[in-house]
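A.B. asks: I'd like to ask some things about the structure below.
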Amino acid sequence: MQIRNVQPADYNAVIRQVNDWWGGRQVADMLPKLFFVHFQDTSFVVEENGQIIAFVIGFVSQTYPDQAYIHFVGVHPDQRGRDLGRKLYERFFETVKGRGCKTAQSVTSPFNTTSIAFHTRMGFEMLPGDAVMYGVNTHMNYDGEGENRVVFRKYL
Ligand SMILES: CC(C)(COP(=O)(O)OP(=O)(O)OC[C@H]1O[C@@H](n2cnc3c(N)ncnc32)[C@H](O)[C@@H]1OP(=O)(O)O)[C@@H](O)C(=O)NCCC(=O)NCCS
Numbered sequence: 056m057q058i059r060n061v062q063p064a065d066y067n068a069v070i071r072q073v074n075d076w077w078g079g080r081q082v083a084d085m086l087p088k089l090f091f092v093h094f095q096d097t098s099f100v101v102e103e104n105g106q107i108i109a110f111v112i113g114f115v116s117q118t119y120p121d122q123a124y125i126h127f128v129g130v131h132p133d134q135r136g137r138d139l140g141r142k143l144y145e146r147f148f149e150t151v152k153g154r155g156c157k158t159a160q161s162v163t164s165p166f167n168t169t170s171i172a173f174h175t176r177m178g179f180e181m182l183p184g185d186a187v188m189y190g191v192n193t194h195m196n197y198d199g200e201g202e203n204r205v206v207f208r209k210y211l
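Counting the sequence shown from 1 gives a position; our numbering is that position plus 55.
Following this line, the structure appears as structure tokens:
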């Protein structure tokens, strides 16, 4: 098992699996290839036996250079609970800290209980929202009409 930076050539292998990894949710449209081209330094995959079994896509904010942002993290359903998500996040934190970041942010859907549990275990706090959905602080219509989000922040 090795963790390495993403490469553009990884895109097809990842994109054809993400909807399945998200339990059939159609998320592939939120992950265009540009992330595998322009964010290589701060994005990572876990490779085992020649297969990508987990990935994280993140970057340093252009607007707020002391803030990092994680856009996507996914682990193959058969590989969950092996600390792969944790290892990818730790690699990302170490990388962006080295670039001067003080915080990392991420957003997720209020119904994504797995993501909320994972981020909470990884030390993220939920920022106050404008509503409570499924018992969590939620920013209504954050990503457009009906696209409500929980906003996470972690001090690095
Ligand atoms: C969320 C996800 C990335 C977690 O990956 P993972 O490799 O299984 O997580 P890890 O094994 O590294 O777990 C790290 C911590 O999170 C906790 N955790 C992970 N999944 C959990 C779950 N479903 N329920 C409760 N806690 C969970 C673990 O217990 C662990 O905490 P601990 O070390 O303090 O015990 C994975 O479930 C996934 O890919 N989900 C589908 C995609 C998704 O929703 N991504 C997030 C939104 S972009």
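Every residue, glycine too, gets a C-beta built ideally from N, C-alpha and C.
(1) Residues around ligand 1, please: the ones whose beta-carbon is closer than 6 angstroms to some heavy atom of it, in chain order.
(2) Expressed to the nearest angstrom, what Euclidean distance is found between the alpha-carbon atoms of GLY299 and TRP77?
(3) How far does the alpha helix (DSSP H) with ASN167 in it extend, from its first residue to its last?
(4) For ASP65, tell me which candidate among VAL191, GLN95, MET85 has the shortest Cα-Cα distance.
(5) Would you mind listing the beta strand (DSSP E) stretches within the region 160 to 206 that are 3+ residues and don't spill past its ends, in chain order?
(6) According to the neighbour-count rule (16 or more other Cβ atoms, all chains shown, within 10 Å of its Cβ), is HIS93 buried or exposed?
(7) Tell me which same chain residues have a C-beta within less than 6 angstroms of the C-beta of PHE46, skipping the five on either side of it?
(8) Rounding to the nearest angstrom, what Cα-Cα distance links MET33 and GLN117 in this structure?
(9) If you count every other CB in all the chains shown that lies within 10 Å of the CB of ALA159, and 16 or more means buried, which is it?
(10) Run the CB neighbour count on ASN104, radius 10 Å, all protein chains shown included, and call it buried at 16 or more, exposed below.
(11) Please name the residue in ARG176, ARG154, MET195 whose C-alpha comes closest to that of GLY166.
(12) Helix, strand or coil: which one does DSSP assign to THR158?
C.D. replies: The structure says:
(1) Taking each Cβ in turn, the ones that pass are TRP76, TRP77, PHE127, VAL128, GLY129, VAL130, ARG135, GLY136, ARG137, ASP138, LEU139, GLY140, ARG141, THR163, ASN167, THR169, SER170, ALA172, PHE173, ARG176.
(2) What is shown of the chain runs 56 to 211, which leaves residue 299 out entirely.
(3) Neither: ASN167 is in no alpha helix (DSSP H) and is coded neither H nor E.
(4) It is GLN95.
(5) The qualifying runs are 186 to 188, 191 to 193.
(6) Under this definition HIS93 is an exposed residue.
(7) What is shown of the chain runs 56 to 211, which leaves residue 46 out entirely.
(8) A query on residue 33 cannot be resolved here, the shown segment of the chain reaching from 56 to 211 and no further.
(9) Its Cβ being crowded by 16 or more others within 10 Å, ALA159 is buried.
(10) ASN104 comes out exposed.
(11) Per the sequence presented here, residue 166 reads as Phe, with Gly not at that position. The shortest C-alpha separation from PHE166 is found at MET195.
(12) In the structure shown, THR158 falls within a strand segment according to DSSP collapsed to helix, strand and coil.
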